[in-house]
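All residue numbers in the sequence shown are consecutive under numbering that gives the first Met the number 0, ending with 438.
We put the beta carbon where it would ideally sit given N, CA and C, even for glycine.
These notes are about the structure you will find just below.
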Amino acid sequence: MRSPIYSARLRLERRRPKCDLMDAGRKYMKHLLASLAMLFALSLPPIARAQDVTLDFPSWQAEEPGFAEWWKGLVKEYEAKHPGVKVKLYSIPFANYVNQMTVRFAGQNPPDIVHLPSRNFASFASQKWLEPIDDLLKNSDIPGKWSKLQSEMTWDGKMYGLLLLPYGNLLYYNEKLLQDAGAKVPTTPAEWLDAMAKTTHRDKGQFGLATTTAEHPNMFIDAATWVLGEKQDWLKGNKYNFTDPGVVAAMEQFRRSLSYAPPGTNSAVARQLFIDGKAAFLRDGPWVWATLQKAKPEIRSSLKMAQLPFPVITGGASNSLHIPAKIDPQKKKLVWEFIALAASPPWQEKYVQLTGSPAGRVGAIGLEQAKKDPHLGAITQAAEKAENLFPMQPALRENYNEFATLFSRAVVRMQSSSQPTDAILANLQKELTAAVPLP
């Protein structure tokens, strides 16, 4: 038998509208889902939270003297201005860098901040792997304040990156070795070859020139110093011009210069030989100045810098910053702000001071700084005078690695065989016409 109280409750429940019961159920489910969502959010690792973002940033310069200090200082200030944002800067050896970046982009896993050797830029832009930045540049002072070589960041009429380092090639020499040999700082190609010959003593492990003599794309840059420096060109219109008598004569001089250098040497070894006082000359970019500080004190005082002894100073775009295509809008904004900070006047001035290299921003250092550090004035002057040594035809820009690889193999044949230079160049022209045809 039911109690009076139970019977009363039962009558009340029967009288309650069904909508009240449904509303109560909905409220309960909302509360339950909100609680579960909160628990799920709290269980996520910190990286997944909106306020915490990591920008992936590989670079071959992350541990290089001068450049490492600049990058790390830039990252530190950027992170201070962007709480919750971390820039993961790490080093990848230059020899593997472009291949690793190519694999990452092809696998749709690019870094957030893209640092590229500018000579390889076109091969990435042509694959639509990079984000155009024309609209971002319009709202900055960069277009009116940057090196003329910024134009190399253009592909199909759009701008895809910011040039960091425009440069002119320089001549580094060991003053003591020249004095001991009775040679002088050269002002013509013939004088340079003569000084190389006088300072070469293979039996003592001393060479007139430290340069790339192992197969490597850098051989193209070394050869261009002689060919373009003598006002010649590998291209005539849209055709290869390797068999031109002027080109052949300049390449003969370049071939002779290699005979005063140690065989099987890459660019890193060549620089070290010069720093160790075992070579009289080194043709290289302005970035080498910072590494000269590693020389022993008794050698460092003899290591000097001058303009190359050619009518035309060759140079180009060294490296650049880019944004990957189809990046998350939040990250795109953050990456551009990183690039904009790098382009700011204070950090451009620090770039010159720390790396000993010219900056993209024109007038990055003032007259006072140039007087205080004459070498900074010299490298800036070389960069402003420099003519671009890299081919600008779209087919060659897009396929630069293949072009430079075939070129370097021809240079190796010049070192290892007695085959005439004109015959080697004629064969190279035939190979390039087949592998990288020009329109």
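Indicate whether residue i and residue j have their beta-carbon atoms separated by less than 8 Å.
i	j	result
Phe309	Gly228	yes
Pro323	Asp111	yes
Ser266	Ser117	no
Asn108	Pro438	no
Phe93	Trp59	yes
How many angstroms separate the CA atom of residue i from the CA atom of residue j?
i	j	result
Met413	Tyr96	28 Å
Ala425	Ser258	22 Å
Gln252	Val410	12 Å
Ala394	Ala182	43 Å
Val184	Gln329	54 Å
Trp70	Ala279	32 Å
Val434	Leu405	Reading off the sequence shown, one finds Ala at residue 434, where the question assumed Val. Cα to Cα, the separation comes out at about 9 Å.
Met218	Ala79	42 Å
Thr290	Thr186	25 Å
Gly143	Met391	23 Å
Met152	Lys127	14 Å
Glu76	Asp421	55 Å
Leu43	Asp51	Here Leu43 scores only 43 on pLDDT, less than 50, and its place in the model should not be relied on; the value that follows carries that caveat. So the two alpha carbons sit approximately 12 Å from each other.
Thr101	His114	12 Å
Glu130	Trp154	11 Å
Leu431	Asp55	37 Å
Ser249	Val226	Checking the sequence, you will find Ala at residue 249 rather than Ser. Going from the Cα of Ala249 to the Cα of Val226 covers about 5 Å.
Gln428	Ser417	19 Å
Val351	Asn98	29 Å
Thr264	Gly276	16 Å
Met37	Asp327	Because the pLDDT at Met37 is just 46, under 50, the model does not fix this residue reliably, and the value given afterwards should be weighed accordingly. Rounded to the nearest angstrom, the two C-alpha atoms are 25 Å apart.
Leu494	Val268	No answer is possible for residue 494: it lies beyond the span of the chain, which begins at 0 and ends at 438.
Gly359	Glu367	19 Å
Asp221	Leu272	17 Å
Leu31	Ile91	Because Leu31 carries a pLDDT of 43, less than 50, the predicted location of this residue cannot be relied on, and the following value inherits that uncertainty. Straight-line Cα distance between these residues: approximately 49 Å.
What are the boundary residues of the alpha helix (DSSP H) that residue i is part of?
i	result
Phe120	Phe120 to Ala124
Ser266	Ser266 to Ile274
Gly207	Segment Phe206 to Ala209 is the beta strand (DSSP E) holding Gly207; no alpha helix (DSSP H) there.
Should residue i go down as buried or exposed, given a rule of 16 or more other Cβ atoms within 10 Å for buried?
i	result
Asp140	exposed
Ala342	buried
Arg201	exposed
Glu397	buried
Tyr159	buried
Asn119	buried
Ser146	buried
Ala189	exposed
Ser256	buried
Ser150	exposed
Ser415	exposed
Could you check where the beta strand (DSSP E) with residue i kicks off and where it finishes?
i	result
Lys303	Leu302 to Gln306
Leu405	Run containing Leu405: none in the beta strand (DSSP E); it sits in the alpha helix (DSSP H), Tyr399 to Ser415.
Ala278	Ala278 to Asp283
Val84	Val84 to Ser90
Val442	Nothing can be reported for residue 442: it is not among the residues displayed for the chain, which extend from 0 to 438.
Tyr96	Taken as a continuous stretch (DSSP letters only), Tyr96 belongs to no beta strand (DSSP E), being part of the alpha helix (DSSP H) at Phe93 to Ala105.
message: Three Cβ pairs or more, each shorter than 8 Å: is that satisfied between the segment 127 to 139 and the segment 272 to 292?
response: Contact between the segment 127 to 139 and the segment 272 to 292 is not established, with fewer than three Cβ pairs separated by less than 8 Å.
task: Mind the definition here: the segment 236 to 247 touches the segment 302 to 316 only if three or more C-beta pairs lie below 8 Å; say whether that holds.
output: no
task: Give a yes or no on contact between the segment 204 to 213 and the segment 294 to 305, applying the rule of three or more CB pairs nearer than 8 Å.
output: no
- prompt: Can we say the segment 341 to 360 touches the segment 59 to 69, given the rule of at least three CB pairs closer than 8 Å?
  reply: Proximity of the segment 341 to 360 to the segment 59 to 69 meets the contact definition, three or more beta-carbon pairs being nearer than 8 Å.
message: Check whether the segment 174 to 184 and the segment 312 to 319 are in contact - that is, three or more C-beta pairs closer than 8 Å.
response: no
message: Counting beta carbon pairs with one atom in the segment 328 to 337 and one in the segment 81 to 92, are three or more of them shorter than 8 Å?
response: By the criterion of at least three beta-carbon pairs nearer than 8 Å, the segment 81 to 92 is in contact with the segment 328 to 337.
field: Cβ contact check for the segment 373 to 387 and the segment 149 to 169: 3 or more pairs under 8 Å
entry: yes
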